[in-house]
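This report refers to the structure that appears directly beneath it.
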Amino acid sequence: MTATFLSAPAMRSLTLIVACLVVFGSSTAAERDADSLAPATATPHAELHDAMVEDLRFLTSDELQGRSSIDPTILDAADYIAERFRGLGLETSLFDGSPLQFLDIAVGPRLGSKAANFLEITSYGSEQDEDDDRVELSLSRDFLPLAIGASEQALSGELVWVGYGIRAPEYQYDDYAAVDVQGKIVMMLRKEPGTNDPDSPFEGAENTRHAFFETKVATAIDEGAAAVLIVNDPASVEKMVAAAEQRRQGELSRLAKIRQRLLALPAEALNAREKLNGQIKRIESMLAESDEAAMAERGLLGIAEAGTQSQHGSASVDAADGEPTPRPPIPVLSISRALANRLLANRLSEFEAEIDSDWQPRSRLLAGTQLRLGVELTPSSARSPNVIGVLPGRGALANETVVIGAHYDHVGMGEFGSLAPGTVAIHNGADDNASGTSAMLRVAGELVQKLAGEQPVDSRRRLVFIAFTGEERGLLGSKHYIEQPRFPLSSTVAMINMDMVGRLNDNELTIYGTGTAEGFEALLDDVNEDAKFKMVKVQSGYGPSDHSSFYQAGIPVLFFFTGLHADYHRPSDDFDKLNLIGMDRITDIISQVSERLATAPERPVYAETEKNVQIRRQLTVSMGVTLSQQPGDVVLSSILAAGPAAEAGVRAGDQLIQVGKKTVHRIEDVMEQLRLQSPGDVLSVVVRRDAEELKLEIKLRPR
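Going by mature numbering (1 follows the signal peptide of the UniProt record, and there is no 0), the letters in the sequence shown line up with residues -29 to -1, 1 to 674, in that order.
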């Protein structure tokens, strides 16, 4: 390519035009790989790359079932990382000879004593069979207390059937209109009339808020009910049975793979065999003890399936002091469809069909039917570990620490934190955050070679590598380390965090925390001279990842990130979508930054930054235009034929005045708005053409 010398303004305009062609045009995976390759000046060490890929494949394997921090599989991932730390030569005898720093993670309530959890039919009305009182009701077979209700209470009362338990004046529907439930136990169906019926008077196939457990329970409390019995609907039962079987098959598949690995091990591999046998015992025990499938077939909800927090009613005025206070929770139980059918004299399906056919309530007092019930739920937790490895310091800096971390947990099968609601599937979390964990392991390998290899650096800080657990549940692992640090926080000079570094796109690398210490921006600019990333620097040290825990403890931080994307917290975040070449380059620059921080004579000085920080999304949409930056203005210099903008009536030469609600002065203003959009969204723009302002609607397409 022949170099052409341009004036400074012309060069700036040309650069922006070229940048926009990349940003706003469509790109293929091959083109993105080319973007990643283009600035590279050297091939990464093959052995480091291969080890990183092997780490990624293990951490994203179905065997780990999404690495939930409260699932036993998190221990398998922790053991793997611990072995990798040992293999790299890091010190791991940190907690009674182990690299594992355990913490307790709340997992919701569990059943208290069996005696305190009961349901009895103390008398029957005229509709029930006289022999019904001879049937003993059993916990986990006929009923189960739910966490959405009171955690401890016993009571008795008459039973009232309230259909779907809905009071919805906006839909002219009220299950409570014809019955008085004050002090009584109400029995209700899950969902709402005509669920999945497009002609339903509610919102057709879409659930309204009245279908939610929280709304149903709050309504019952406000109506004065003493307790709630929830009856599952047939469609939900079918889904629950399928989900339970899917989970069971997943465990059986994982068990088979571990047994194959065990058979392949030589007899002398005693430690490895012991660990695999431990995994096998855990899975076999879990399968033997699980009654999930049987409960699903009976229609029983899990304890936390309707919610993990006790639901209150609306505020009521306390006569004593005149202050409004929420009405307290009441017991809520899931009961089997068989029990509900018995209580309704074998008319459960009939009542369901009638309400769903004409959308009229069928509520009724089940005269003479008296129940006695009790619930006792207690808090429970799971043990889950941070994994820590240390490269000791040397010389004058030996007692100071740099932490290099990444969380290794994800959202498991999607029960907690998934953005694909209702989906029961393994969420492998390749980018979030197998990418950061594998990058951390690679950085550890590089720094061991650079700082402690054949020519060790005489003066360097201690490097503490931490794989955090519980990040997806509120930065729990990093918060625990801050509360119980292995090395003094007062001598911890910086923390580097890697979270979602596997989707480098358009060569754009975002780094948060650049304002948390003087000199961080200059350091990044220096190491980027050769790397040639399009570096987006965000000064704030806050944000929804583990670096924030350290920053709030007064420690300067840097957080490396390649952006949110459509696969975030979904089962589709998988290995095959990772940009491995991009990860090579990112780990190289992180290694350089870490080395500088480990060896710099002076420690970084903490600086305050803004708390409000918006996590950057990748661009996923195209307008089909090329933009040119003019002094104070952005001009549409060319329009893709038959592209989204062309179809909306945009013309080349139009000045872009507004995108969405954002007034446009710079190309970055446009990019900021586009990052908030998804393919198929309609974006309003205002353009100026021949002194006239036009408002146009552009339907965005995928890039």
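Note that the Cβ used here is the ideal one computed from N, Cα and C, for glycine as well. Remember, predicted model here, so these are calculated numbers, not experimental data.
Simplified DSSP assignment, three categories, for residue i
i, result
"Arg253", "helix"
"Ser389", "coil"
"Thr(-15)", "The predicted position of Thr(-15) is uncertain, since its pLDDT is 34 and thus under 50; a value taken from the coordinates is nonetheless stated next. Thr(-15): helix per DSSP, three-state reduction."
"Pro205", "helix"
"Asp26", "helix"
"Ser127", "strand"
"Ala662", "coil"
"Lys633", "strand"
"Lys187", "helix"
"Asp67", "coil"
"Lys421", "helix"
"Pro350", "strand"
"Ser111", "coil"
"Ile638", "helix"
"Phe173", "coil"
"Met384", "coil"
"Ser(-23)", "Only weak support is given to the placement of Ser(-23): the predicted model assigns it a pLDDT of 32, under 50, and the question is left unresolved by the model."
"Asp146", "coil"
"Ser655", "strand"
"Ser40", "coil"
"Glu668", "strand"
"Leu19", "helix"
"Ala613", "coil"
"Leu342", "strand"
"Val361", "strand"
"Gln153", "coil"
"Gln626", "strand"
"Thr372", "strand"
"Tyr135", "coil"
Same chain, Cβ closer than 8 Å to residue i, five either side skipped, listed in chain order
i, result
"Asp429", "Arg365, Gly366"
"Val653", "Glu668, Ile669, Lys670, Leu671"
"Gln455", "Gln72"
"Ser649", "Ala537, Thr591, Val592, Leu671"
"Ser111", "Asp262, Met266, Leu271"
For residue j and residue i, believed in contact at Cβ under 8 Å, the rounded distance
i, j, result
"Arg431", "Val464", "Incorrect: roughly 12 Å between the Cβ atoms, too far for contact."
"Thr440", "Pro356", "6 Å"
"Val592", "Arg674", "6 Å"
"Ala377", "Met469", "4 Å"
"Val358", "Ala22", "Val358 to Ala22, Cβ: 17 Å. No contact."
"Ser94", "Thr340", "7 Å"
"Ser351", "Leu117", "At roughly 15 Å, the Cβ-Cβ gap does not stay under 8 Å, so Ser351 and Leu117 are not in contact."
"Gly534", "Gln589", "4 Å"
"Pro586", "Val596", "Correcting the residue identity first, residue 586 is Ile in this sequence and not Pro. About 26 Å separates the two Cβ atoms, so there is no contact after all."
"Tyr135", "Leu160", "5 Å"
"His181", "Ile119", "No, His181 and Ile119 are not in contact; Cβ-Cβ is about 16 Å, not under 8 Å."
"Leu529", "Phe491", "6 Å"
"Thr487", "Ala391", "Going by Cβ atoms, the distance from Thr487 to Ala391 rounds to 34 Å, so no, they are not a contact pair."
Beta-carbon contacts of residue i that lie in its chain and below 6 Å, excluding the five residues immediately before and after
i, result
"Glu194", "Tyr147, Val152"
"Val131", "Val150, Val152, Lys155, Val157, Leu336"
"Arg269", "Ser307"
"Val630", "Val641, Gln644, Val656"
"Glu443", "Asp380, Val382, Gly388"
"residue 676", "Absent from the structure is residue 676, since the part of the chain shown begins at -29 and ends at 674."
"Arg659", "Gln626, Ile628"
"Ala401", "Thr31, Asp544, Asp545, Phe546, Leu549"
"Ala616", "Met594, Gly595, Val596, Ile610, Ile669"
"Leu412", "Asp26, Arg55"
Residues of its chain near residue i, where Cβ-Cβ distance is below 7 Å and the 5 sequence neighbours each way are ignored
i, result
"Leu35", "Thr44, Asp47, Ala48"
"Arg57", "Thr63"
"Gly96", "Leu337, Ala338, Gly339, Thr340"
"Ala243", "Leu236"
Check: residue i C-beta below 7 Å from any heavy atom of the ligand ATP
i, result
"Ser224", "Absence of the ligand ATP is noted for the structure shown, with no ligands found whatsoever."
Check whether the stretch 590 to 607 touches the stretch 506 to 522, counting contact only when three or more Cβ pairs, one atom from each stretch, lie closer than 8 Å. Contact fails: fewer than three Cβ-Cβ distances are below 8 Å.
In chain order, which continuous runs of the alpha helix (DSSP H) of length 4 or greater are located wholly inside the stretch 523 to 609? List check, alpha helix (DSSP H) in window: 551 to 570.
Unbroken stretches of the beta strand (DSSP E), 3 residues or longer, contained in the stretch 445 to 516: Runs found: 463 to 469, 479 to 483, 505 to 509.
To test your reading of the DSSP string, which unbroken beta strand (DSSP E) runs of 3 or more residues are found completely within the stretch 263 to 322? Taking 3 residues as the minimum length, the beta strand (DSSP E) runs contained wholly in the stretch 263 to 322 are 286 to 288, 295 to 297, 303 to 306, in order along the chain.
Count the CB pairs spanning the stretch 546 to 554 and the stretch 475 to 489 that are closer than 8 Å, and state whether there are at least three. Flag = yes, the stretch 546 to 554 and the stretch 475 to 489 touch.
Measuring CB atoms only, is the stretch 219 to 235 touching the stretch 252 to 260, in the sense that at least three cross pairs come out at less than 8 Å? Touching, yes.
Can at least three beta-carbon pairs, one atom from the stretch 75 to 84 and one from the stretch 272 to 283, be found at a separation below 8 Å? Cβ pair count under 8 Å is three or more, so yes.
Output the residue ranges of the alpha helix (DSSP H) runs that lie fully inside the stretch 67 to 96 and measure 4 residues or longer, sorted by chain position. Within the stretch 67 to 96, no complete alpha helix (DSSP H) run reaches 4 residues.
When the Cβ atoms of the stretch 558 to 575 are set against those of the stretch 409 to 424, are three or more pairs found closer than 8 Å? In the pairwise beta carbon analysis, the stretch 558 to 575 is classified as touching the stretch 409 to 424: at least three pairs are separated by under 8 Å.
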